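Quick note, the sequences are listed as chains A and B, same order.
According to this note's numbering, the first sequence is numbered sequentially starting from 1.
According to this note's numbering, the second sequence is numbered sequentially starting from 236.
A virtual CB, placed ideally from N, CA and C, is assigned to each residue, including glycine.
Quick caveat: nothing in here was measured; it's all calculated off a predicted structure.
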Amino acid sequence: MAYTKRSDGRKFEQAREIKAKVGVVPNADGSAMFSFGDTVAIAAVYGPHQLHPQHLQNPEKGILRCNYNMMSFSVSDRIRPGPSKRSTEISKITEWALNKSVMIDEFPNTVIDVHIMIPQADASTRCAGINAASMALAHAGIPMRDIATSVSIGKIDKTLVVDVDKAEEDYEGGEGPTDIALTFLNSIDEISHIQLDGKISTKELKEAVKLGREATKKIYEIQKKALKQAVEGSR
Amino acid sequence: MINISNLTSKRIKEYLAKGKRFDGRKLDEFREIKIECGISKKAEGSAEVQIGKTKVLVGVKMLVVEPYDDSPDKGNLMVTAEVTPMSHPKYELGPPKFLAIELGRLVDRGIRESGYIDFDKLCIKAGEKVWGVFIDVYSINDDGNLLDASFIGALAALKSAKMPVYDAKEEKINYDKKGTKPIPLTKNLPINFNVYKAGEVIFLDPSIEEETASEGKLTVGIIPEKPIRICSMQKGDTMEISPEKFGEMLDLIEKKHKTFIGEINNKIDKAIKELK
Chain A
1 MAYTKRSDGR KFEQAREIKA KVGVVPNADG SAMFSFGDTV AIAAVYGPHQ LHPQHLQNPE
61 KGILRCNYNM MSFSVSDRIR PGPSKRSTEI SKITEWALNK SVMIDEFPNT VIDVHIMIPQ
121 ADASTRCAGI NAASMALAHA GIPMRDIATS VSIGKIDKTL VVDVDKAEED YEGGEGPTDI
181 ALTFLNSIDE ISHIQLDGKI STKELKEAVK LGREATKKIY EIQKKALKQA VEGSR
Chain B
236 MINISNLTSK RIKEYLAKGK RFDGRKLDEF REIKIECGIS KKAEGSAEVQ IGKTKVLVGV
296 KMLVVEPYDD SPDKGNLMVT AEVTPMSHPK YELGPPKFLA IELGRLVDRG IRESGYIDFD
356 KLCIKAGEKV WGVFIDVYSI NDDGNLLDAS FIGALAALKS AKMPVYDAKE EKINYDKKGT
416 KPIPLTKNLP INFNVYKAGE VIFLDPSIEE ETASEGKLTV GIIPEKPIRI CSMQKGDTME
476 ISPEKFGEML DLIEKKHKTF IGEINNKIDK AIKELK
């Protein structure tokens, strides 16, 4: 049976309910919460500060360092606490996705630390994490070229959908699920991150990227609104 | 350790000696405590606890595990704490440091020794399969007293938890079915008190600066029977306590526990009610 109706009743191009808020970790220089439905990410930014040990320092520019981790109780089968291959890879991919958005050249010998935690997961956690991290960087007042916005596009059987949830990720009918995580830098309109698992034609993939761009434009507005509210709130 | 100047430390101690604190609290007064349950739907039970600006997330997961050899017909408990670099700039990435291990151990001991979890009822098949209760604590923002926040979070997560459904035929947990039964708990609801000492002054709920200025703490797990029963204890750090001061610490706990336990329980019950 073709995938004609989403399990939670959403339209194909509709993301789950999005919540975005900054200032959730008072100790941090910047912080944010971002959620797609039941997928929740918290991000905290510390820095720029002096990087130790000294041999890691770059005298020409600063370094962005991301650390993504899921909480052990964020999924049905408990995850052992501590880093895994998966979390290490996502940390790096997050770093790459955000790198060009931050003007780190201005801070030689320093590091900006971004910590991302997932307390509750229902697929697309890396996208929620990148969105939270980008907001936290802006909230920290770090000079930025751009805000990064991330979303997952799925091809469930033959149907393209925005913001894949766990039920869709596990879909077994027809051509099965294809999960594409995408991040765009909004104002320069470029892809800063893409990952794909599944099988898809080039034609469909091009369509998926277009769909992702449209979706991220809407999410970007929500990120901006939350940041503006925080600024107005503090006045 | 957090970098606060010796001068700040000295001033905090001078204040405490006069019975005063920087934020105007009494020596045995807590900052505002907020509890929210159900912060993670995938956990069997979960809670966010805030004490002032200190914030922790705690989740309970239940797994089917092999019992320990010395308790073949009892469920078991595992408490793990992560003091995350998210929660304060002084914490670094890497394997758990002593602070995180101590935090997990103190929460574990307070719950285990009180007999609050009815481990006898967590046996599925003696010698082969029992329920394991996994409590995981994450610090989100450390503004002092992660210990009390974590313990309260563990209580709230346990009390709000629903057992997952075990499929005996398939010999695994069926996560598609929603659990309805609570974790078997006894009436021995414990509470941990962390009494801090700076000079000759003893006080509760330290801010992060007060924590650093203090010489150490006495962690005491109690059950609120009449009279109260002490179930666990550990002195933390190198501080010295005279027998008289030790007596004063116990008196402080005895005086404080009645209102405090009532307040915590009410807040947990209210948070559970709001869940439904």
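Classification of residue i by the beta-carbon crowding that lies within 10 angstroms, buried from 16 upward
| i | result |
| --- | --- |
| Ser124 of chain A | buried |
| Asp378 of chain B | buried |
| Lys356 of chain B | exposed |
| Tyr171 of chain A | buried |
| Ser395 of chain B | buried |
| Ala392 of chain B | buried |
| Asn409 of chain B | exposed |
| Met236 of chain B | Because the pLDDT at Met236 of chain B is just 45, under 50, the model does not fix this residue reliably, and the value given afterwards should be weighed accordingly. Looking at its Cβ environment, which holds fewer than 16 other Cβ atoms inside 10 Å, Met236 of chain B is exposed. |
| Ala252 of chain B | exposed |
| Asp435 of chain B | It is worth fixing the name first, because residue 435 of chain B is Glu in this sequence and not Asp. The residue in question, Glu435 of chain B, is exposed, as its Cβ has fewer than 16 Cβ neighbours within 10 Å. |
| Arg16 of chain A | buried |
| Arg256 of chain B | buried |
| Ala2 of chain A | exposed |
| Leu328 of chain B | exposed |
| Gln50 of chain A | exposed |
| Ser84 of chain A | exposed |
| Asn67 of chain A | buried |
| Lys277 of chain B | buried |
| Asp305 of chain B | exposed |
| Gly259 of chain B | exposed |
| Phe36 of chain A | buried |
| Gly233 of chain A | exposed |
| Arg464 of chain B | exposed |
| Arg126 of chain A | buried |
| Phe333 of chain B | exposed |
| Thr94 of chain A | buried |
According to DSSP, residues forming a beta bridge with residue i
| i | result |
| --- | --- |
| Ile280 of chain B | Residue 280 of chain B is actually Gly in this sequence, not Ile. In the DSSP output, where bridge partners are listed per residue, Gly280 of chain B has B:Val295. |
| Pro227 of chain B | Residue coverage of chain B in this structure runs from 236 to 511, which leaves residue 227 of chain B outside it and unanswerable. |
| Ala44 of chain A | A:Ser31, A:His115 |
| His193 of chain A | A:Thr183 |
| Lys432 of chain B | B:Ile437, B:Gly451 |
| Cys272 of chain B | B:Ala282 |
| Leu382 of chain B | In DSSP, Leu382 of chain B forms no bridge with anything. |
| Asn67 of chain A | A:His115 |
| Asn131 of chain A | In DSSP, Asn131 of chain A forms no bridge with anything. |
| Pro177 of chain A | A:Ile156 |
Limits of the beta strand (DSSP E) - the one that residue i falls within
| i | result |
| --- | --- |
| Asn376 of chain B | 364-376 |
| Glu317 of chain B | 311-317 |
| Met103 of chain A | Segment: none, Met103 of chain A is in no beta strand (DSSP E) and carries neither H nor E. |
| Arg464 of chain B | 464-471 |
| Asn409 of chain B | 407-409 |
| Lys155 of chain A | 148-156 |
| Leu160 of chain A | 159-162 |
Endpoints, the alpha helix (DSSP H) within which residue i is located
| i | result |
| --- | --- |
| Lys502 of chain B | 478-510 |
| Phe333 of chain B | 333-349 |
| Lys245 of chain B | 241-252 |
| Lys360 of chain B | Per DSSP, Lys360 of chain B belongs to no alpha helix (DSSP H); it is in the beta strand (DSSP E), 358-360. |
| Lys19 of chain A | Taken as a continuous stretch (DSSP letters only), Lys19 of chain A belongs to no alpha helix (DSSP H), being part of the beta strand (DSSP E) at 18-22. |
| Ala403 of chain B | Run containing Ala403 of chain B: none; DSSP gives neither H nor E here. |
| Glu168 of chain A | 166-169 |
Which residues, taken in chain order from the segment 309-328 of chain B, show a beta carbon closer than 8 Å to some beta carbon of chain E?
-> Protein chains A and B are contained in the structure displayed, whereas chain E is not.
Are the segment 469-478 of chain B and the segment 500-508 of chain B touching, with three or more C-beta to C-beta distances below 8 Å?
-> No: the two stretches stay apart, fewer than three of their Cβ pairs being nearer than 8 Å.
Interfacial residues, the segment 177-197 of chain A to chain B, with Cβ spacing under 9 Å = Taking 9 Å as the upper bound on Cβ-Cβ separation, chain B lies near no residue of the segment 177-197 of chain A.
Hey, is the segment 177-194 of chain A in contact with the segment 97-112 of chain A, meaning 3+ C-beta pairs nearer than 8 Å?
-> Judged by Cβ distances under 8 Å, the segment 177-194 of chain A makes contact with the segment 97-112 of chain A, as three or more pairs qualify.
How do the segment 46-57 of chain A and the segment 396-410 of chain B stand: do at least 3 beta-carbon pairs fall below 8 Å, yes or no?
-> Flag = no, the segment 46-57 of chain A and the segment 396-410 of chain B do not touch.
Along the segment 67-78 of chain A, what residues have a CB closer than 9 Å to any CB found in chain B?
-> Of all residues in the segment 67-78 of chain A, Asn67, Asn69, Met71, Ser72, Phe73, Ser74, Val75, Ser76, Asp77, Arg78 have a Cβ within less than 9 Å of some Cβ in chain B.
Taking a cut of 9 Å between CB atoms, which residues from the segment 95-128 of chain A lie near chain B?
-> From the segment 95-128 of chain A, only Asp113, His115, Ile116, Met117, Pro119, Gln120, Ala121, Asp122 have a Cβ closer than 9 Å to chain B.
Can at least three beta-carbon pairs, one atom from the segment 356-367 of chain B and one from the segment 325-343 of chain B, be found at a separation below 8 Å?
-> Counting Cβ pairs under 8 Å, fewer than three are found: no touch.
Taking 8 Å as the threshold, find out whether the segment 304-311 of chain B comes into contact with the segment 283-290 of chain B through three or more Cβ pairs.
-> They do not touch, by the three-pair rule.
Near-chain B residues of the segment 156-178 of chain A (beta-carbon distance less than 7 Å), N- to C-terminal order = Under the 7 Å Cβ criterion, the segment 156-178 of chain A contributes no residue.
Would you say the segment 20-40 of chain A touches the segment 137-145 of chain A, given that touching needs at least three Cβ pairs under 8 Å?
-> The segment 20-40 of chain A is in contact with the segment 137-145 of chain A.
Is the segment 420-434 of chain B touching the segment 453-472 of chain B in the sense that three or more CB pairs, one from each, lie closer than 8 Å?
-> In the pairwise beta carbon analysis, the segment 453-472 of chain B is classified as touching the segment 420-434 of chain B: at least three pairs are separated by under 8 Å.
Just checking, does the segment 105-122 of chain A make contact with the segment 146-154 of chain A on the three C-beta pairs under 8 Å criterion?
-> Contact annotation: the segment 105-122 of chain A does not touch the segment 146-154 of chain A, with fewer than three C-beta pairs closer than 8 Å.
According to a CB-to-CB cut-off of less than 8 Å, which residues of the segment 354-386 of chain B neighbour chain A?
-> Under the 8 Å Cβ criterion, the segment 354-386 of chain B contributes Phe369, Asp371, Tyr373, Ile375, Asn376, Asp377, Asp378.
Evaluate the contact criterion for the segment 285-301 of chain B versus the segment 71-81 of chain A: three or more CB pairs, one atom per stretch, below 8 Å.
-> In the pairwise beta carbon analysis, the segment 285-301 of chain B is classified as touching the segment 71-81 of chain A: at least three pairs are separated by under 8 Å.
Give, in chain order, every residue of the segment 393-423 of chain B whose Cβ lies closer than 9 Å to some Cβ of chain A.
-> Taking 9 Å as the Cβ-Cβ cut-off against chain A, the residues of the segment 393-423 of chain B that qualify are Pro399, Ile408, Tyr410.
Are the segment 114-130 of chain A and the segment 37-44 of chain A touching by the rule of at least three beta carbon pairs closer than 8 Å?
-> Three or more pairs of CB atoms, one per stretch, sit closer than 8 Å, so the segment 114-130 of chain A contacts the segment 37-44 of chain A.
The segment 12-31 of chain A: positions lying closer than 9 Å to chain B by Cβ = Listed by position along the chain: Val24, Val25, Pro26, Asn27, Ala28, Asp29, Ser31.
The segment 246-278 of chain B: which residues have C-beta closer than 7 Å to a C-beta of chain A, in chain order?
-> Result list: Ile274, Ser275, Lys276, Lys277, Ala278.
Residues of the segment 281-303 of chain B with a CB closer than 8 Å to any CB of chain A: list them in chain order, please.
-> Those residues of the segment 281-303 of chain B placed with their C-beta closer than 8 Å to a C-beta in chain A are Ser281, Lys288, Lys290, Leu292, Gly294, Val295, Lys296, Leu298, ordered along the chain.
Relative to chain B, which residues along the segment 137-155 of chain A have a C-beta separation below 9 Å, given in chain order?
-> Those residues of the segment 137-155 of chain A that come within reach of chain B (Cβ to Cβ, closer than 9 Å) do not exist; the list is empty.
Do the segment 162-181 of chain A and the segment 191-198 of chain A meet, that is, are 3 or more Cβ pairs less than 8 Å apart?
-> Contact holds between the segment 162-181 of chain A and the segment 191-198 of chain A, because three or more Cβ pairs, one in each stretch, are under 8 Å apart.
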